[in-house]
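This is the structure:
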């Protein structure tokens, strides 16, 4: 029998959120609040990202890059899972050792991250929030 909750592995990956690309951020917020009962946890205007918490406790993030047009990866507006790590470089090196396809570690404003993909080229992000 599986336990009701599984504690995160100390120092390991924790599932942070699923990211969805949207074409109209305000319309999407309205939908998730009114139709699904979600609450806005945080809105980051610089990145055009809104973190939502669904009534079931799951987190969902929505992002719009350019007004009226969703951001795409390889021409497809696809959702992806975001993992949080206290040490993305350690996770990245472990993935490389397992021959998982990864990107270089990127330093962005407030974030340190890399991407990896599965054999079907589904995209995953591993990040750490870096506060200066």
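Residue numbers (this note's numbering): 38 to 169. We put the CB at the ideal spot given by N, CA and C, even for glycine. Predicted model only: the values in this text are computed from it and were never measured.
**Asked** Hey, is the segment 95-102 in contact with the segment 63-83, meaning 3+ C-beta pairs nearer than 8 Å?
**Response** Yes: at least three Cβ pairs fall under 8 Å.
**For residue 43, the three-state DSSP class (helix, strand or coil)** = Here residue 43 refers to the residue found at position 6 when the chain shown is read from its first residue. Note that residue 43 scores 42 on pLDDT, short of 50, meaning its location in the model is unreliable; the coordinates nonetheless yield the value given after this. Coil.
**Message:** By the three-class DSSP mapping on this structure, what secondary structure does residue 167 have?
**Reply:** Numbered from its first residue, the chain shown carries residue 167 at position 130. The answer is coil: DSSP assigns residue 167 none of H, G, I, E or B.
**Prompt:** Going by DSSP, which residues form a beta bridge with residue 117?
**Reply:** Working through the chain shown from its first residue, we reach residue 117 at position 80. The partner list for residue 117 (beta bridge, DSSP) reads 56.
**Message:** Closest to residue 63 by C-alpha separation, out of 81, 53, 50 and 51, would be which residue?
**Reply:** As a first step, residue 63 is located in the chain shown; it is residue number 26 there, counting from the start. Of the candidates 81, 53, 50 and 51, the one whose C-alpha sits nearest the C-alpha of residue 63 is 81.
**Message:** Suppose you measure from the CA of residue 135 to the CA of residue 89; what does that come to, to the nearest Å?
**Reply:** Taking the first residue of the chain shown as position 1, residue 135 is located at position 98. Taking the first residue of the chain shown as position 1, residue 89 is located at position 52. Roughly 33 Å between the two C-alpha positions.
**Request:** Would you kindly check if the distance between the Cβ of residue 127 and the Cβ of residue 142 is under 8 Å?
**Result:** On the chain shown, residue 142 is found 105 positions in, with the first residue counted as 1. On the chain shown, residue 127 is found 90 positions in, with the first residue counted as 1. Cβ distance not < 8 Å, so residue 142 and residue 127 don't count as in contact.
**Request:** Within 10 angstroms of the Cβ of residue 151, are there 16 or more other Cβ atoms? Answer buried if so, exposed if not.
**Result:** For this step, residue 151 is matched to residue 114 along the chain shown. The residue in question, residue 151, is buried, as its Cβ has 16 or more Cβ neighbours within 10 Å.
**Request:** Report yes if the C-beta distance between residue 52 and residue 117 is below 8 Å; otherwise report no.
**Result:** Sequence index remark: in the chain shown, residue 52 carries index 15 (1-based). Sequence index remark: in the chain shown, residue 117 carries index 80 (1-based). It is not a contact, given that the beta carbons lie outside the stated cut-off.
**Asked** Secondary structure at residue 142, three-state DSSP: helix, strand or coil?
**Response** Mapped onto the chain shown, residue 142 falls at position 105. DSSP places residue 142 in coil when its eight states are reduced to three.
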